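Numbering (the working numbering), first residue to last: 40 to 117.
Quick reminder that beta carbons are idealized off the backbone N, C-alpha and C, glycines included.
A quick note: this is a predicted structure, and the numbers were derived from the prediction, not measured.
A short worksheet on the structure shown next.
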């Protein structure tokens with residue numbers, strides 16, 4: 040499994056993304072600026088999209104140089 044953190048929503052605090060095993064989906068935990076995190080995976084469409092995959096590694100970076108972070112997830116099988 041992989042985990043990465045970044046300020047993906049540009050609100051000044053780190054958010055956390057983690058991969059999971061097949062049929063568990065990945066999770067994006069958004070920081071509410073008060074040191075509390077909520078799982079926004081369903082809200083942002085990430086949970087359903089990642090259910091068929093086992094996520095190994097993940098990283099935020101600006102792939103297309105548009106000033107917004109993009110999420111890379113490496114999937115595989117055991």
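Any idea if residue 77 is buried or exposed, counting beta-carbon neighbours within 10 angstroms, 16 or more meaning buried?
The residue given as residue 77 occupies position 38 in the chain shown. It counts as exposed.
If you drop the 5 nearest sequence neighbours on each side, which residues of the same chain put their C-beta closer than 7 Å to that of residue 60?
Here the question's residue 60 lines up with position 21 in the chain shown. Once the five neighbours on either side are set aside, the close Cβ partners of residue 60 are 93.
Contacts around residue 51, its chain only, beta-carbon distance under 8 Å, and the 5 residues preceding and following it disregarded
Reading the chain shown from its first residue, position 12 is the one you call residue 51. Closer than 8 Å at Cβ, skipping near neighbours: 72.
What is the C-beta distance between residue 90 and residue 62, in whole angstroms, given that I count them as a contact (C-beta under 8 Å)?
Taking the first residue of the chain shown as 1, we reach residue 90 at position 51. Taking the first residue of the chain shown as 1, we reach residue 62 at position 23. Their Cβ separation, rounded to whole angstroms, is 6 Å, which keeps residue 90 and residue 62 in contact under 8 Å.
Excluding five sequence neighbours on each side, which residues of the same chain lie with their C-beta closer than 6 Å to the C-beta of residue 111?
Residue 111 sits at position 72 when you count from the first residue of the chain shown. Result list for residue 111: 98, in chain order.
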